[in-house]
Amino acid sequence: MQAQWYVIWVLFFGVGLKQKNDYRKIVTDAQPTLPVSPPRTWAEINLSNLRHNYTAVINQHQGCVLAVLKAGGYGHGIVEMAAELEKINSNSAPTFMGVASVIEARQLANAGINTRIYLLGPACPSERKEIVARDWTPCVSSLEEAEDFNRIAAARIGINPNTKLRIHLAVDTGMGRGGFLAESLVENFDALEKLDFLE
Numbered sequence: 432m433q434a435q436w437y438v439i440w441v442l443f444f445g446v447g448l449k450q451k452n453d454y455r456k457i458v459t460d461a462q463p464t465l466p467v468s469p470p471r472t473w474a475e476i477n478l479s480n481l482r483h484n485y486t487a488v489i490n491q492h493q494g495c496v497l498a499v500l501k502a503g504g505y506g507h508g509i510v511e512m513a514a515e516l517e518k519i520n521s522n523s524a525p526t527f528m529g530v531a532s533v534i535e536a537r538q539l540a541n542a543g544i545n546t547r548i549y550l551l552g553p554a555c556p557s558e559r560k561e562i563v564a565r566d567w568t569p570c571v572s573s574l575e576e577a578e579d580f581n582r583i584a585a586a587r588i589g590i591n592p593n594t595k596l597r598i599h600l601a602v603d604t605g606m607g608r609g610g611f612l613a614e615s616l617v618e619n620f621d622a623l624e625k626l627d628f629l630e
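In structure tokens:
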């Protein structure tokens, strides 16, 4: 586990690029003149080191890569980090860019990021049509949610009959933060397999 954290640290932290911190004064009615102190810590990212170290890790361990960029690239700019990772040789570039919300997915898509977008967080029912239309990969937590995505994808079938919506199933492994309970997933697996417009 310690080695994994070391790899993550090496990939993302180095010297070179320093993002400007946004020190906004927060003023409330109760305390009209007390500013919030600026953060005492920050991270600097050396973009060439990021690309080099990422490629070195990928060359050692082939497979799919999910580059998690939620929370604005952890404060370093979601679009900037995605653009840097897309510059990597296409055989090594990330398979997915992981974001927390549809809002972040839109930021990447609107910036011209072409890597497949994976939504780590739950989607509101009102966002599901856009997810299907843009062919993003949602993380599905219930049979009802999967059925709704299947219904929306079925309506799209006339536009592109060879395309199914690719989804991932979230499984609650004990944290209680969402996803199928393990026993529920087993119970619902047959029903999930019958959803013709999902894979």
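The working numbering numbers the first residue of the sequence shown as 432 and each following residue consecutively.
Yeah, the Cβ is synthetic: ideal placement off N, Cα and C, and Gly gets one too.
- Closest by C-alpha distance to GLY506, out of ARG482, SER615, GLU475, is GLU475.
- Residue burial annotation: MET606 is exposed, with fewer than 16 other C-beta atoms found within 10 angstroms of its C-beta.
- The C-beta of PRO569 has 16 or more other C-beta atoms within 10 Å across all chains shown, which makes the residue buried.
- By the neighbour-count definition (other C-beta atoms within 10 Å, threshold 16), VAL467 is an exposed residue.
- For the set ASN581, GLY503, ALA586, VAL496, the Cα lying nearest the Cα of ARG547 is the one of VAL496.
- DSSP, reduced to helix, strand and coil, places THR604 outside both helices and strands of the structure shown, so it counts as coil.
- Pairing VAL571 with LEU551 gives a Cβ-Cβ distance that is not under 8 Å.
- Rounded to whole angstroms, the gap between the alpha carbons of LEU623 and GLN493 is 30 Å.
- The three-state secondary structure of ALA586, taken from DSSP, is helix.
- For ARG482, no beta strand (DSSP E) run applies; the uninterrupted alpha helix (DSSP H) run containing it begins and ends at 478–491, by DSSP.
- Apart from the 5 residues on each side of it in sequence, TRP567 sits with its Cβ closer than 7 Å to the Cβ of ALA536, ILE548, LEU550 in its chain, given in chain order.
- Close CB contacts of ASN581 within its chain, under the 6 Å cut and outside five residues either way in sequence, are with LEU626, PHE628, LEU629 (chain order).
- Only buried fits VAL563, as 16 or more other CB atoms lie within 10 angstroms of its CB.
- THR526 and GLU618 have their C-alpha atoms some 30 Å from each other.
- A Cβ-Cβ separation of about 11 Å leaves LEU500 out of contact with ALA514 under the 8 Å criterion.
- In terms of CA proximity to LEU539, VAL510 leads the group GLU578, GLY610, THR594, VAL510.
- The Cβ atoms of ASP603 and PHE611 sit closer than 8 Å to each other.
- Across the set LEU574, GLY543, THR472, the C-alpha of LEU574 shows the shortest separation from the C-alpha of GLU614.
- ARG547 carries a strand assignment under DSSP once its states are collapsed to helix, strand and coil.
- Between the beta-carbon of GLY609 and that of PRO556 there is about 15 Å, and that puts the pair past the 8 Å contact cut.
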